[in-house]
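Right, one structure below, let's go through it.
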Amino acid sequence: MSRHGSEGLACNPAPSDASAFGDALDFIVSERESISGGVCIGGPGELLDLAGSHLSVSLVAIAIAIAIALPAALYLGHYGRGEFLAVSISNIGRAVPSLALLAFFVAFLGIGFSNVVAVLTLLAIPPILTNTFVGVRQVSREAVDAARGVGMTEGQIIRRIELPLALPTIFAGLRTAAVAVVATATIAPLANVQSLGNPILEPQTYGNAGQLGAAIVVAAITLAVDAGLGVVQRLATSPGLKLAGRAERGKRFSYIRTRSLTSP
Amino acid sequence: MNITNRMLLALMTVLCLGAFAAGCGGDDDEKSADSSTSATTTAARGYEESGLIERDEANAQTKLTIGSKNFAEQYILGEIYAQAFEAAGYDVSKQLDLGSEQIAFKALKNGDIDAYPEYSGTALTSFYKVKTDDVPRDKDEAFTEMESLLAEDDIVAMPQTSFQNTFVITSSKETAEKYDSPETISELAETAGSKTSISGFPECRQRTDCLLGLKQVYDWTPRFVSSQGQYEDIDGDQSELTFGFSTDGALSLDKYATYEDDKSLFPPYYVSLLTRQDAADKLGDEGRALIERIQEPLTEEVMRELNSRVSIDKQKPQKVAAEYLREEGFTE
Numbered sequence: 024m025s026r027h028g029s030e031g032l033a034c035n036p037a038p039s040d041a042s043a044f045g046d047a048l049d050f051i052v053s054e055r056e057s058i059s060g061g062v063c064i065g066g067p068g069e070l071l072d073l074a075g076s077h078l079s080v081s082l083v084a085i086a087i088a089i090a091i092a093l094p095a096a097l098y099l100g101h102y103g104r105g106e107f108l109a110v111s112i113s114n115i116g117r118a119v120p121s122l123a124l125l126a127f128f129v130a131f132l133g134i135g136f137s138n139v140v141a142v143l144t145l146l147a148i149p150p151i152l153t154n155t156f157v158g159v160r161q162v163s164r165e166a167v168d169a170a171r172g173v174g175m176t177e178g179q180i181i182r183r184i185e186l187p188l189a190l191p192t193i194f195a196g197l198r199t200a201a202v203a204v205v206a207t208a209t210i211a212p213l214a215n216v217q218s219l220g221n222p223i224l225e226p227q228t229y230g231n232a233g234q235l236g237a238a239i240v241v242a243a244i245t246l247a248v249d250a251g252l253g254v255v256q257r258l259a260t261s262p263g264l265k266l267a268g269r270a271e272r273g274k275r276f277s278y279i280r281t282r283s284l285t286s287p
Numbered sequence: 008m009n010i011t012n013r014m015l016l017a018l019m020t021v022l023c024l025g026a027f028a029a030g031c032g033g034d035d036d037e038k039s040a041d042s043s044t045s046a047t048t049t050a051a052r053g054y055e056e057s058g059l060i061e062r063d064e065a066n067a068q069t070k071l072t073i074g075s076k077n078f079a080e081q082y083i084l085g086e087i088y089a090q091a092f093e094a095a096g097y098d099v100s101k102q103l104d105l106g107s108e109q110i111a112f113k114a115l116k117n118g119d120i121d122a123y124p125e126y127s128g129t130a131l132t133s134f135y136k137v138k139t140d141d142v143p144r145d146k147d148e149a150f151t152e153m154e155s156l157l158a159e160d161d162i163v164a165m166p167q168t169s170f171q172n173t174f175v176i177t178s179s180k181e182t183a184e185k186y187d188s189p190e191t192i193s194e195l196a197e198t199a200g201s202k203t204s205i206s207g208f209p210e211c212r213q214r215t216d217c218l219l220g221l222k223q224v225y226d227w228t229p230r231f232v233s234s235q236g237q238y239e240d241i242d243g244d245q246s247e248l249t250f251g252f253s254t255d256g257a258l259s260l261d262k263y264a265t266y267e268d269d270k271s272l273f274p275p276y277y278v279s280l281l282t283r284q285d286a287a288d289k290l291g292d293e294g295r296a297l298i299e300r301i302q303e304p305l306t307e308e309v310m311r312e313l314n315s316r317v318s319i320d321k322q323k324p325q326k327v328a329a330e331y332l333r334e335e336g337f338t339e
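Residue numbers (the working numbering), protein chains in the order written: chain A, 24 to 287; chain Y, 8 to 339.
The following block contains the structure:
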């Protein structure tokens with residue numbers, strides 16, 4: 024019946040009797056024929072491809088955001104300057120919807136990888152910038168003064184005192200940024216980058232099962248990234264801070280509060 | 008000829024508005040010039056004999072709710088049908104922003120609306136899960152299949168329009184010249200080969216009536232740029248070609264070249280006013296004749312031009328529909 028011999032497809036039609044959730048899970052684990060026909064979609068093979076592209080665009084964006092926001096916020100936090108400016112500029116970037124930014128950047132960067140990376144980077148900068156700035160400002164002035172007293176340079180104070188002490192707060196920002204970026208990378212197909220957004224944006228090909236299935240995969244990856252960064256955070260936090268945290272177990276973030284109360 | 012006349016008309020309307028805004032007066036002269044232009048347009052098409060829609064007071068007993076999906080062409084069509092029924096005396100209300108076809112179709116089946124315009128290809132693939140490849144490429148065969156499927160849901164497919172809004176491959180005129188001005192997709196595929204690029208919605212990539220079909224039917228694999236920019240992609244040099252829609256307002260701009268689908272890759276997408284059985288019974292032959300009459304002048308060229316008034320000139324669909332009915336001599 025088909026005009027182009029799509030009978031020869033190496034996959035079966037979607038199951039017709041499955042529940043919405045079961046259908047979505049089936050989409051994740053096995054290939055099926057697309058809704059409009061003529062092509063095999065879904066299954067681990069395609070989803071892994073899409074996830075790979077999804078993660079690479081996300082990782083590049085997060086890396087650039089860290090490279091920009093972290094040094095800037097450490098500097099501003101150390102000298103206690105430009106808080107208003109830094110937070111305002113980054114919040115303006117955040118206030119514009121990512122979808123609009125994608126269209127806006129086409130004029131400067133063209134359609135493609137760099138376009139999507141730019142949009143996701145702008146999304147990732149505000150939480151990293153704000154959290155780093157706040158984290159550094161909350162470092163006890165006594166500790167900084169003591170460091171200066173023993174002859175540390177300003178650069179050494181930033182690297183050896185302020186950065187380690189602010190690390191838990193910085194990681195909280197990083198995790199927020201990563202979650203937002205991985206979830207938002209679903210819009211990448213609108214600018215010629217394949218991602219797990221494809222099944223979500225193409226209902227005529229992937230159907231409801233594809234939309235829900237891809238959403239489940241995106242959610243799982245997002246949670247995994249968040250948990251992974253949590254592990255990195257624990258490994259990177261100085262043992263001294265961990266002790267302080269343990270002593271005040273049950274009172275999360277209370278050390279921050281204590282510090283800010285005692286700071287001049 | 009038509010297009011030139013219509014553009015002239017549009018230009019004059021703008022000038023007239025400008026003069027009015029500036030308070031220069033003299034808009035009486037402009038108005039008469041205006042109407043004489045549209046009179047020639049109508050005369051040139053030869054529809055002047057179609058005559059005004061007659062109001063039948065008995066129709067006031069019949070309540071009709073006309074719906075539409077949420078893009079320019081649908082708003083215009085919805086308004087045209089609604090205003091024509093109104094002129095014929097029916098008690099018409101409108102629900103012209105029903106979102107996707109799934110929402111509109113559900114509203115129709117539930118009786119929230121009595122009728123809305125739908126495309127034959129869309130009805131077959133979206134509502135009845137006909138695979139794109141299995142949709143008959145013949146306009147009337149597709150209509151007959153749609154008609155019989157809809158009948159099971161107690162919905163009547165009113166006669167189709169003479170225009171269709173299907174996919175069309177488009178480029179700038181410069182690109183067309185670069186490839187020796189091909190007329191058909193086959194010729195374009197031959198001269199442009201795989202070096203060229205084509206942009207389309209992300210969805211296009213894996214659809215047999217879109218990018219996948221170019222490979223299967225035309226054995227042609229241009230580089231694909233997934234984007235929603237369409238004509239902006241061509242204008243901004245993001246791609247040489249784009250998948251447009253045959254009635255896009257932009258195509259009335261004389262800036263773009265289109266290529267004929269000589270191997271029937273794209274399914275037919277002619278418009279039919281899908282109407283609930285009970286409403287169709289109330290409309291009767293008279294209502295059916297009215298629908299046929301008012302959509303007769305709607306050629307692809309006219310529909311493009313009407314769409315451009317909304318999408319490019321930013322006019323209200325309601326006004327554009329009223330102008331259409333007036334220009335074609337259906338209303339005063």
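C-beta: ideal position from N, C-alpha, C; glycine also.
As the structure is a prediction and not an experimental result, all values here were calculated from the model.
Could you pull out every residue in the same chain whose Cβ sits closer than 6 Å to the Cβ of T282 (chain Y), ignoring the five residues on either side in sequence?
Taking the first residue of the second sequence as position 1, residue 282 (chain Y) is located at position 275. When the five nearest sequence neighbours on each side are left out, the beta carbons in the same chain lying within less than 6 Å of the beta carbon of T282 (chain Y) are those of A122, V163, M165, in order along the chain.
Going along chain Y in order, which residues have a C-beta closer than 9 Å to the C-beta of L13 (chain A)?
Residue 13 (chain A) cannot be examined here, being either before or after the span of chain A that is shown, 24 to 287.
Is the Cβ of L224 (chain A) closer than 9 Å to any Cβ of chain Y?
Start at 1 with the first residue of the first sequence, and residue 224 (chain A) comes out as number 201. L224 (chain A) belongs to the set of residues whose beta carbon lies under 9 Å from a beta carbon in chain Y.
Rounding to the nearest angstrom, what Cα-Cα distance links T207 (chain A) and S121 (chain A) in this structure?
Along the first sequence, one-based indexing puts residue 207 (chain A) at 184. Along the first sequence, one-based indexing puts residue 121 (chain A) at 98. Distance between the alpha carbons of T207 (chain A) and S121 (chain A): 8 Å.
With DSSP as the reference, please indicate the residues paired to L133 (chain A) in a beta bridge.
Translated into the one-based positions of the first sequence, residue 133 (chain A) becomes position 110. Looking at the sequence shown, residue 133 (chain A) is not Leu but Gly. Per DSSP, none; premise fails for G133 (chain A).
From A:G253, A:D249, A:L235, pick the residue whose C-alpha is nearest to that of C42 (chain A); which is it?
As a first step, residue 42 (chain A) must be located in the first sequence, where it is residue number 19. What sits at residue 42 (chain A) in the sequence shown is Ser, not Cys. Ranked by Cα distance from S42 (chain A), the first of A:G253, A:D249, A:L235 is A:L235.
Per-residue DSSP class, three states only, for F112 (chain Y):
For this step, residue 112 (chain Y) is matched to residue 105 along the second sequence. In the three-state DSSP reduction, F112 (chain Y) falls in the helix class (H, G or I).
Using the Cβ count rule (16 or more neighbours within 10 Å means buried), how would you classify I115 (chain A)?
Along the first sequence, read from residue 1 onward, the residue named residue 115 (chain A) stands at position 92. Around the C-beta of I115 (chain A), fewer than 16 other C-beta atoms lie within 10 Å, and the residue is accordingly described as exposed.
So, T338 (chain Y) versus A89 (chain Y), is the Cβ gap smaller than 9 Å?
Position 331 of the second sequence holds residue 338 (chain Y). Position 82 of the second sequence holds residue 89 (chain Y). In this structure, the beta-carbon distance from T338 (chain Y) to A89 (chain Y) does not fall below 9 Å.
Pull up the distance between the alpha-carbon of L32 (chain A) and that of E56 (chain A), whole angstroms please.
Here residue 32 (chain A) refers to the residue found at position 9 of the first sequence. Here residue 56 (chain A) refers to the residue found at position 33 of the first sequence. Looking at the two C-alpha atoms, the distance is approximately 8 Å.
Rounded Cβ spacing between K76 (chain Y) and Y277 (chain Y) (contact assumed at less than 8 Å)
As a working mapping, residue 76 (chain Y) is identified with position 69 in the second sequence. As a working mapping, residue 277 (chain Y) is identified with position 270 in the second sequence. About 16 Å separates the beta carbon of K76 (chain Y) from that of Y277 (chain Y), a gap too long to meet the 8 Å contact definition.
Interface residues of the segment 117-146 of chain Y facing chain A [CB-CB below 7 Å]
When CB distances to chain A are screened at a threshold of 7 Å, the residues of the segment 117-146 of chain Y falling below it are T132, K138, T139, D140, D141, in chain order.
Through-space distance from T245 (chain A) to P150 (chain A), alpha-carbon basis:
Translated into positions along the first sequence, residue 150 (chain A) becomes position 127. Translated into positions along the first sequence, residue 245 (chain A) becomes position 222. In a straight line, the C-alpha of P150 (chain A) is about 16 Å away from that of T245 (chain A).
Beta bridge counterpart(s) of Q256 (chain A) as assigned by DSSP
Residue numbering aside, residue 256 (chain A) sits at position 233 when the first sequence is read from its first letter. Paired residues: none, contrary to the question.
Name the DSSP bridge partner or partners of C63 (chain A)?
Within the first sequence, numbered from 1, the residue matching residue 63 (chain A) stands at position 40. Looking at the DSSP output, C63 (chain A) bridges to A:E56.
K222 (chain Y): first and last residue of the uninterrupted alpha helix (DSSP H) it sits in
Here residue 222 (chain Y) refers to the residue found at position 215 of the second sequence. 218-225 is the extent of the alpha helix (DSSP H) around K222 (chain Y).
When you compare the CB positions of V139 (chain A) and A92 (chain A), do they come within less than 9 Å of one another, or not?
Walking along the first sequence from the start, residue 139 (chain A) turns up at place 116. Walking along the first sequence from the start, residue 92 (chain A) turns up at place 69. Taking 9 Å as the cut-off, the Cβ atoms of V139 (chain A) and A92 (chain A) do not count as close.
Within 9 Å (strictly less), CB to CB, does G275 (chain Y) reach chain A?
For the purposes of this step, residue 275 (chain Y) is identified with residue 268 of the second sequence, where counting begins at 1. First, the amino acid is wrong: residue 275 (chain Y) is Pro here, not Gly. Not an interface residue.
Let me know if P36 (chain A) comes out buried or exposed under the rule of 16 or more other beta-carbons within 10 Å of its beta-carbon.
Residue 36 (chain A) sits at position 13 when you count from the first residue of the first sequence. When all chains shown are included, P36 (chain A) counts as exposed.
By the criterion of Cβ-Cβ separation under 8 Å, what are the contact partners of P212 (chain A) in chain Y?
Taking the first sequence and counting its residues from 1, one reaches residue 212 (chain A) at position 189. For P212 (chain A), the residues of chain Y that pass the 8 Å Cβ criterion are P209, S233, in the order they occur in the chain.
Which chain Y residues are close to T228 (chain A), counting only those with a beta carbon under 7 Å from its beta carbon?
Here the question's residue 228 (chain A) lines up with position 205 in the first sequence. Below the 7 Å Cβ cutoff, chain Y contributes E210, Q213, R214 as neighbours of T228 (chain A), in chain order.
By Cβ distance, which residues of its chain are closer than 7 Å to Q325 (chain Y), with the 5 residues on each side in sequence left out?
If you number the second sequence from 1, residue 325 (chain Y) lands on position 318. Answer for Q325 (chain Y): E86, listed in chain order.
Inspect the beta-carbon positions of V232 (chain Y) and I205 (chain Y) and report whether they are closer than 9 Å.
Position 225 of the second sequence, counted from the first residue, corresponds to residue 232 (chain Y). Position 198 of the second sequence, counted from the first residue, corresponds to residue 205 (chain Y). Cβ distance < 9 Å, so V232 (chain Y) and I205 (chain Y) count as in contact.
Please name the residues in the segment 225-250 of chain Y whose beta-carbon is closer than 9 Å to at least one beta-carbon of chain A, in chain order.
Contact annotation: in the segment 225-250 of chain Y, residues whose CB is within less than 9 Å of a CB in chain A are F231, V232, S233, S234, Q235, G236, E239, D240, G243, D244, Q245, S246.
Quick one: grab the DSSP three-state call for S3 (chain Y).
The question about residue 3 (chain Y) has no answer, for chain Y in this structure spans 8 to 339.
Based on DSSP bridge pairs, tell me the residues matched to S279 (chain Y).
By one-based count along the second sequence, residue 279 (chain Y) stands at place 272. Looking at the DSSP assignment, S279 (chain Y) forms a beta bridge with Y:E125.
Three-state class that DSSP yields for V139 (chain A) in the structure shown:
Mapped onto the first sequence, residue 139 (chain A) falls at position 116. In this structure, V139 (chain A) counts as helix in the three-state DSSP scheme.
Rounded to whole angstroms, what is the Cα-Cα separation between G200 (chain Y) and Q223 (chain Y)?
Looking up residue 200 (chain Y) in the second sequence gives position 193. Looking up residue 223 (chain Y) in the second sequence gives position 216. Approximately 15 Å, taken between the alpha carbons.
If you measure from the beta carbon of A41 (chain A) to each beta carbon in chain Y, is any gap under 9 Å?
Within the first sequence, numbered from 1, the residue matching residue 41 (chain A) stands at position 18. No, A41 (chain A) lies away from the interface with chain Y (no Cβ there is under 9 Å from its Cβ).
Roughly how many angstroms separate the alpha carbons of A130 (chain Y) and M153 (chain Y), rounded to a whole number?
Working through the second sequence from its first residue, we reach residue 130 (chain Y) at position 123. Working through the second sequence from its first residue, we reach residue 153 (chain Y) at position 146. If I take the Cα positions, the gap works out to 7 Å.
Just tell me which of Y:L297, Y:V317, Y:G236, Y:R214 has its CA closest to the CA of I58 (chain A).
Position 35 of the first sequence holds residue 58 (chain A). Ranking Y:L297, Y:V317, Y:G236, Y:R214 by Cα distance to I58 (chain A) puts Y:R214 first.
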